[in-house]
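Novice:
Take a look at the structure:
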């Protein structure tokens, strides 16, 4: 399945015109979140840079693919330093992405379709539609999830330092691991 | 002159395929650094996001245009907090950019041409050539300058918080102001 998923992801990159190096193309992370249905709930990503000050990634989404609801909590580093949760800016580069954050809205009033069988784990429905050139900044510790439109999407993510292992997902079945 | 410069900058954006909103297109900053020769020593930029944690910009460069040599020093905020100098990652999206940082190299061994009349103010020549998809991270407080190749360039800059007014330029004639 992942060979096919990888080919689909590479097809989105090619269509979008976003340039990745050959090495980056071979190292795209396919995050399936342990749910075993990557094209439904999953996310492909390339980390351009991640250091203790800032992070930049390209998020590559298949048609109608959903990144499950999660938040970036405040954390305490090994050094005992307290760090405010990750703050991130999503900028749509290609396609359309439907982003949902805390606030007004309900599951039956949105453009996206909550992934079937996972309805219990999607709880915020304040809709932000991002087309190419549009962006939105998500405050720390704010629940959010997002879904690509019908042709997929490419989203640049600019943020403070990224520590994916600290993310808290609403769906208790989720494990933030790389797929094999 | 700036109407023409602005048209040229917009032409580069259009050629590159990078999508900016209409508002962003009207608000592109043309930084001439007080040298009054924007197409020679200048830089056009769009700030996507700049907060106290991270910054993301798109740098738009005319053919063979040069961003003058400078560094991002450690600073002390009004709150007395000490902040390490800005760290930044340049990722070439379109065209070619010749980047020079501290290290080995000399003015006569590089691909770029030091701007005529400003030779005294270009002192580092460790060459990094960035083509689309290639990137380089510049440590804090490191002298650097960069020049676009013959068709211009678009460079995504990911960084820690940006405080342009704190930049230290090698050329004492430079004032970091917006052109009229």
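Residue numbers (the numbering used here), protein chains in the order written: chain H, 90 to 269; chain W, 90 to 269.
Cβ atoms here follow ideal geometry from the backbone N, Cα and C, with glycine treated the same way.
What is the rounded straight-line gap between the Cα of residue 263(W) and the Cα of residue 155(W)?
Specialist: The residue labelled residue 263(W) in the question sits at position 174 within the second chain. The residue labelled residue 155(W) in the question sits at position 66 within the second chain. Looking at the two C-alpha atoms, the distance is approximately 13 angstroms.
Novice: Taking the runs of the alpha helix (DSSP H) that are 4 residues or longer, which of them lie wholly in the segment 112-152 of chain H?
Specialist: Runs of the alpha helix (DSSP H) inside the segment 112-152 of chain H: none found.
Novice: Mind checking if residue 108(H) is an interface residue toward chain W, Cβ cutoff 8 angstroms exclusive?
Specialist: Taking the first chain and counting its residues from 1, one reaches residue 108(H) at position 19. Closer than 8 angstroms: yes.
Novice: If contacts are defined as beta-carbon pairs under 8 angstroms, then residue 186(H) and residue 120(H) qualify, I think. What distance do you get, rounded to the angstrom?
Specialist: Locating residue 186(H) in the first chain gives position 97, where the first residue counts as 1. Locating residue 120(H) in the first chain gives position 31, where the first residue counts as 1. That belief does not hold up - the Cβ atoms of residue 186(H) and residue 120(H) are roughly 16 angstroms apart, past 8 angstroms.
Novice: How about residue 260(H) and residue 161(H): are their beta carbons less than 8 angstroms apart?
Specialist: As a working note, residue 260(H) is residue 171 in the first chain. As a working note, residue 161(H) is residue 72 in the first chain. The answer is no: Cβ separation not under 8 angstroms.
Novice: Determine which residues share a DSSP beta bridge with residue 254(H) and list them.
Specialist: Position 165 of the first chain, counting from 1, holds the residue named residue 254(H). Looking at the DSSP assignment, residue 254(H) forms no beta bridge with any residue, so it has no partner.
Novice: Relative to the alpha-carbon of residue 105(W), which residue among 202(W), 244(W), 94(W), 183(W) has its alpha-carbon at the smallest distance?
Specialist: Taking the first residue of the second chain as position 1, residue 105(W) is located at position 16. Of 202(W), 244(W), 94(W), 183(W), the residue nearest in Cα terms is 183(W).
Novice: Please confirm if residue 122(H) has its CB atom under 8 angstroms from at least one CB of chain W.
Specialist: Here residue 122(H) corresponds to residue number 33 of the first chain, with the count starting at 1. Taking Cβ atoms only, chain W never reaches closer than 8 angstroms to residue 122(H), which makes this a no.
Novice: At which residues does the alpha helix (DSSP H) containing residue 104(H) begin and terminate?
Specialist: For the purposes of this step, residue 104(H) is identified with residue 15 of the first chain, where counting begins at 1. Here the alpha helix (DSSP H) through residue 104(H) covers 91-105.
Novice: Of all Cβ atoms in chain W, is any one closer than 8 angstroms to the Cβ of residue 113(H)?
Specialist: Counted from its first residue, the first chain places residue 113(H) at position 24. Yes, residue 113(H) lies at the interface with chain W (some Cβ there is under 8 angstroms from its Cβ).
Novice: Quick check on DSSP: helix, strand or coil for residue 78(W)?
Specialist: Lying outside 90 to 269, the shown extent of chain W, residue 78(W) is not represented and no answer is given.
Novice: Short of 9 angstroms Cβ to Cβ, which residues in the segment 243-265 of chain H face chain W?
Specialist: Within the segment 243-265 of chain H, the qualifying residues are 245, 247, 248, 249, 250.
Novice: Shorter than 8 angstroms from the beta carbon of residue 137(W) to some beta carbon of chain H?
Specialist: By 1-based counting over the second chain, the position of residue 137(W) is 48. So yes, residue 137(W) belongs to the interface.
Novice: Using three-state DSSP, classify residue 267(W) as helix, strand or coil.
Specialist: Position 178 of the second chain holds residue 267(W). Because residue 267(W) carries a pLDDT of 48, less than 50, the predicted location of this residue cannot be relied on, and the following value inherits that uncertainty. If DSSP states are grouped into helix, strand and coil, residue 267(W) belongs with the strands.
Novice: From 202(H), 97(H), 136(H), 206(H), pick the residue whose C-alpha is nearest to that of residue 214(H); which is it?
Specialist: Looking up residue 214(H) in the first chain gives position 125. Per the Cα distances, 202(H).
Novice: Check the Cβ-Cβ distances between residue 176(W) and every residue of chain H, and say whether any is below 8 angstroms.
Specialist: Here the question's residue 176(W) lines up with position 87 in the second chain. Chain H contact via Cβ: present.
Novice: From the DSSP output, which residues share a beta bridge with residue 222(W)?
Specialist: Translated into positions along the second chain, residue 222(W) becomes position 133. Answer by DSSP bridge pairing: none, since residue 222(W) is not bridged.
Novice: Would the C-beta of residue 263(W) count as close to the ligand FAD, meaning under 7 angstroms from any of its heavy atoms?
Specialist: Among the components modelled here there is no ligand, and therefore nothing to report on the ligand FAD.
Novice: Any idea which residues DSSP pairs residue 188(H) with across the strands?
Specialist: Residue mapping note: residue 188(H) aligns to position 99 of the first chain, counting from 1. Answer is 217(H), 235(H).
Novice: Please classify residue 224(H): is it buried, with 16 or more other beta-carbons within 10 angstroms of its beta-carbon, or exposed?
Specialist: For the purposes of this step, residue 224(H) is identified with residue 135 of the first chain, where counting begins at 1. The residue is buried, with at least 16 neighbouring Cβ atoms inside 10 Å.
Novice: From residue 151(W) to residue 198(W), what distance separates their C-alpha atoms?
Specialist: For the purposes of this step, residue 151(W) is taken as residue 62 along the second chain, with counting starting at 1. For the purposes of this step, residue 198(W) is taken as residue 109 along the second chain, with counting starting at 1. So the alpha carbons of these two residues sit roughly 23 angstroms apart.
Novice: Taking all protein chains shown into account, do 16 or more other C-beta atoms lie within 10 angstroms of the C-beta of residue 205(W), making it buried, or fewer, making it exposed?
Specialist: By one-based count along the second chain, residue 205(W) stands at place 116. Looking at its Cβ environment, which holds fewer than 16 other Cβ atoms inside 10 Å, residue 205(W) is exposed.
Novice: Where do the ends of the beta strand (DSSP E) carrying residue 155(W) lie?
Specialist: On the second chain, position 66 is the one that residue 155(W) refers to. Start and end: 155-160.
Novice: When the Cα atoms are used, what is the spatial distance from residue 95(W) to residue 127(W)?
Specialist: By 1-based counting over the second chain, the position of residue 95(W) is 6. By 1-based counting over the second chain, the position of residue 127(W) is 38. About 10 angstroms.
Novice: Does any residue of chain H bring its CB to less than 8 angstroms from the CB of residue 160(W)?
Specialist: Taking the second chain and counting its residues from 1, one reaches residue 160(W) at position 71. Chain H, which has no Cβ nearer than 8 angstroms to the Cβ of residue 160(W), makes this no.
Novice: Would residue 246(H) pass as a contact of residue 148(H) if the rule is Cβ separation under 8 angstroms?
Specialist: On the first chain, position 157 is the one that residue 246(H) refers to. On the first chain, position 59 is the one that residue 148(H) refers to. Yes; because the gap between Cβ atoms is below 8 angstroms, this pair is in contact.
Novice: Listed in chain order, which residues of the segment 211-245 of chain W have Cβ atoms closer than 8 angstroms to some Cβ of chain H?
Specialist: Cβ contacts with chain H come from 221, 222, 223, 224, 226, 245.
Novice: Using a C-beta cutoff of 8 angstroms, does residue 133(H) count as contacting chain W?
Specialist: On the first chain, position 44 is the one that residue 133(H) refers to. No, no contact with chain W.
Novice: I need the straight-line Cα distance from residue 235(W) to residue 191(W), nearest angstrom please.
Specialist: On the second chain, residue 235(W) is found 146 positions in, with the first residue counted as 1. On the second chain, residue 191(W) is found 102 positions in, with the first residue counted as 1. The alpha-carbon atoms of residue 235(W) and residue 191(W) are separated by roughly 12 angstroms.
Novice: Of the choices 122(H), 165(H), 135(H), 129(H), whose alpha-carbon is the least far from that of residue 111(H)?
Specialist: Translated into positions along the first chain, residue 111(H) becomes position 22. Closest by alpha carbon: 135(H).
Novice: When the Cα of residue 251(H) is compared with those of 232(H), 207(H), 164(H), which residue comes out closest?
Specialist: For the purposes of this step, residue 251(H) is taken as residue 162 along the first chain, with counting starting at 1. Nearest of 232(H), 207(H), 164(H) to residue 251(H), Cα basis: 164(H).
Novice: Just mark residue 249(W) as buried or exposed, buried being the case when its beta carbon has 16 or more other beta carbons within 10 Å.
Specialist: In the second chain, residue 249(W) corresponds to position 160, counting from 1. Flag for residue 249(W) reads buried.
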